[in-house]
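The numbering of the sequence shown is UniProt numbering, which starts it at 1 and goes up by one. Beta carbons are placed, not taken as given, at the ideal position from N, Cα and C, and that holds for glycine. Computed from a predicted structure; not experimentally measured. Okay, structure first, notes after.
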Amino acid sequence: MTHTCSAAVTRLRDWHRYLSALRQRRLWAWSGNVCISAVKPLWQAFPAPHVWIGVEPPEALPPDVHFLTLKQARTQLGREVGTLVVDAREQFDADAFGAIAGALTGGGVAILLAAHTEGAADGLFDQWQQQVMAEDPCVLSIPEGGLAALPIPPALSVSPPSGAAAPSVETSVSRSAWQLAQQQAVTADQRQALEVLKGAPERAVTVLTAARGRGKSAVLGLAVAAWLQEGALETLWLTAPRAAAVEALFERVQCLCPGGRREGNRFQLGERVLQFIAPDALIHQLQDEDAALPELLLVDEAAALPLPFLRRWLSRCPHVVLSTTLHGYEGSAHGFTDYIQQLQQRRHGQSHAAGVLHYELLTPIRWAADDPLEALTARLLRLEAAPCPVLTNGALHIEAVGQTQLLAQPAVLDQVFGLLVQAHYRTSPSDLQTLLDHPALSLWTACVASDAGVPQVAAVVMAFDEGGLSDVLAQAVADGRRRPPGHLLPQTLALHTGNPEVARMRWRRITRIAVHPQCRRQGIGSQLLAHVHHASAQEGIDLLGVSFGGKPSTLAFWQHTGFTTVRVGLKDDTVTGERAVMMVRECCKSEVSVASLSGLFWSTFVVQLAFELAELSPIRVAALLRDRHKALPPIDGMERDALRRFGEEKAPLASVRSFLQRALLRYADAFTLEEVAVMAGVLLQGRSETWARTQLPQLTGKRAFEQWLRGKVALWARYSAC
């Protein structure tokens, strides 16, 4: 046994020298029952740190090997490790693998432990994983003899690439702070990024993006140190999804600014301060319009934060740097890039804004440019998946697509997944696992035939079956005693209506709908939804539903396709930062109708607007009210008389407010969305007339708003008489 271990260490040291010379990393697959003692030679031959990730820590794990749960592994941005063992014998987590693989440095090895042997995969994603790994000549399957039986590494046939030497820390006062930062930069990429950050004008938004291992955090640390040493900025605020995500940045700043002092999440150099503030606390702090603002706000891992947070910070802070890692580990590369493009379009031509400066770091630092593990990870997790660049003209064919069909047609899988990524700001590698393996998933595509024989995907809908709970479980859900996962709509609505029948019904929840950019605003999404509705009715589904962040344009789309609002969330969604809106459409006649769910919602919603939903954006309230009038009878004679008296200046606002509220519910479609938003803010949410005047710049003077409202109410009175 000792001889075998010694032989394994020797062979592994050969591999470490070989990979270090190339600055490359490798993935080795190991199937079967692998014990800790069999892996120990790896830790003796390769340098630390060593990490093992899995569902549970294995017995007898050496103290110098750090164990991470799957959840912990997803948060390892900025960390570097020498070896990695991914224990996937119980569960392979695509998000965890994608995140932790980026922490492995050049010269390192990742070992993937799998319970199955080749050709015996359990799920479709496992089959996909095996297929991708089998096609990669750099993936090594560890033989039955274990690490001692590894083949001899190939001889180097070319001169190994030179490593990026770590610069020494210099604090000479003979150089400027930015010159020192440039000296510390490892690549030309990093030096150019520093020039962009240094030269960004006031009121500019600077965006720094990079795939894993490009030294983004190092660049930010160098820039922050230069800003602090230069003294041009006194207050720098830093935010990120977690304080741990910026620990490496703080450590670098400490190293480069030895004269400073760190206390927790605060670093001070003279009178200059770098302060970390959690995203929620920052939003709360900026609600005060008179609050002091930082001279510079840095947002790290911005793609992992809700878009409304970013919009708020950009609207309040004079100079913002957005930084994020691409490719889905902390959000969606495509989604964040799309947002930056939209931001550029909005700021273009604004006299008060200096535009958007976007720089992407491309050169890897932790490994060589031709690193096999990076390429394998991209293929395995479809990180570069994208829709078909250009669709040919032709008739649309709509059909349900099975998960086995996707596996059999990788080109179609790439198009579908690429469209789904574009449709949602937050898409992660685990969504690919869900797409291939989730038993409750249904998928429909609208495709155009192509000369190449591969269908071109123009649109896609993804949905999950929910509900159908047993009588006992349904009652427990309605009583608030159980919250079964995977049943968002029936669980939420059964709880808030107190009706267990809601959870017993069969639901289908649409989670994504995506249309190719070339085909948008042509009714294709509506056609696809109509097909999904018809197919669901044929399958005996009771209700088709959706839950989303309630933007007015999105609300209008779902209203147009026949869906009715049945709930608005009382708290901001953790992903979107907005109140979730639930809408449903009836497929089959059932004991609980859409009308009953909608009626119950509206009976509470109007009251909640003055309390729990007082902070809900009035423009979103207005969008919701647009669909309300259809379910209400016309106003009666007493209400009409109250409207007339107010319009003729014969009654004060306070005495007829309740009549105005009911009239607004009935006739919201008689005015523009912006006008309804102002009325809703004042009449339903208790906002002041001063606030109303800020929304309508044409109004000047104390009584201007009331006069404006009287004019609108006079139109209401005439409108209701028709």
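query, result
"Distance between residue 516 and residue 522 (C-alpha atoms, nearest Å)", "11 angstroms"
"Buried or exposed by the 16-neighbour rule on C-beta atoms within 10 Å, applied to residue 620", "buried"
"Runs of beta strand (DSSP E) wholly within the region 493-527 (minimum 3 residues, chain order)", "506-515"
"Burial state of residue 467 (16 or more Cβ within 10 Å)", "buried"
"Contact belief for residue 443 with residue 502 at Cβ below 8 angstroms, rounded distance in angstroms", "That pair is no contact at about 26 angstroms."
"Three-state secondary structure (DSSP) of residue 428", "coil"
"Proximal residues to residue 295 (C-beta, below 8 angstroms), its chain only, five neighbours per side dropped", "233, 234, 235, 236, 318 and 319"
"Residue 8 to residue 423 span [Cα, whole Å]", "49 angstroms"
"Inter-residue Cα distance where the pair is residue 326 and residue 569", "30 angstroms"
"Segment contact flag, the region 636-643 with the region 552-570, C-beta cutoff 8 angstroms, min 3 pairs", "no"
"Limits of the unbroken alpha helix (DSSP H) element including residue 177", "177-184"
"Neighbourhood of residue 388 by C-beta distance below 6 angstroms, restricted to the same chain and skipping five residues each side", "415 and 456"
"Segment limits, beta strand (DSSP E) that includes residue 675", "Premise fails: residue 675 lies in the alpha helix (DSSP H), 673-683, not in any beta strand (DSSP E)."
"Own chain partners of residue 706 with C-beta closer than 8 angstroms, once the 5 adjacent residues on each side are dropped", "653 and 689"
"Through-space distance from residue 708 to residue 661, alpha-carbon basis", "16 angstroms"
"Collapsed DSSP secondary structure at residue 476 in the structure displayed", "helix"
"Among 208, 176, 199 and 204, the one whose alpha carbon lies nearest that of residue 189", "208"
"Reference residue 11, options 356, 153 and 508, closest by Cα", "153"
"Limits of the beta strand (DSSP E) - the one that residue 267 falls within", "266-269"
"Inter-residue Cα distance where the pair is residue 129 and residue 390", "29 angstroms"
"Option nearest residue 282 by Cα separation, candidates 301, 677 and 239", "239"
"Residue nearest to residue 277 in terms of C-alpha spacing, selected from 107, 94 and 298", "298"
"Residues of its chain near residue 718, where Cβ-Cβ distance is below 8 angstroms and the 5 sequence neighbours each way are ignored", "none"
"Spatial distance of residue 202 from residue 528 (CA atoms)", "46 angstroms"
"Which of helix, strand or coil DSSP assigns to residue 34", "coil"
"Residue 187 to residue 363 span [Cα, whole Å]", "7 angstroms"
"Residue 255 classed as buried or exposed, judged by whether at least 16 other C-beta atoms fall within 10 angstroms", "exposed"
"Residues near residue 530 by beta carbon distance below 8 angstroms, same chain, minus five either side", "561"
"CA nearest to the CA of residue 580, picked from 597, 546, 598 and 600", "546"
"Helix, strand or coil at residue 401 [DSSP, three-state]", "coil"
"Buried versus exposed, by CB contacts within 10 Å (16 or more), residue 241", "buried"
"Residue 470 - DSSP class collapsed to helix/strand/coil", "coil"
"Boundaries of the alpha helix (DSSP H) in which residue 255 is found, first to last residue", "247-256"
"Which residues DSSP lists as bridging residue 366, in chain order", "Bridge partners of residue 366: none, in fact."
"Check whether residue 110 and residue 104 have beta carbons under 7 angstroms apart", "yes"
"CA-to-CA distance, residue 138 to residue 450, given in whole angstroms", "34 angstroms"
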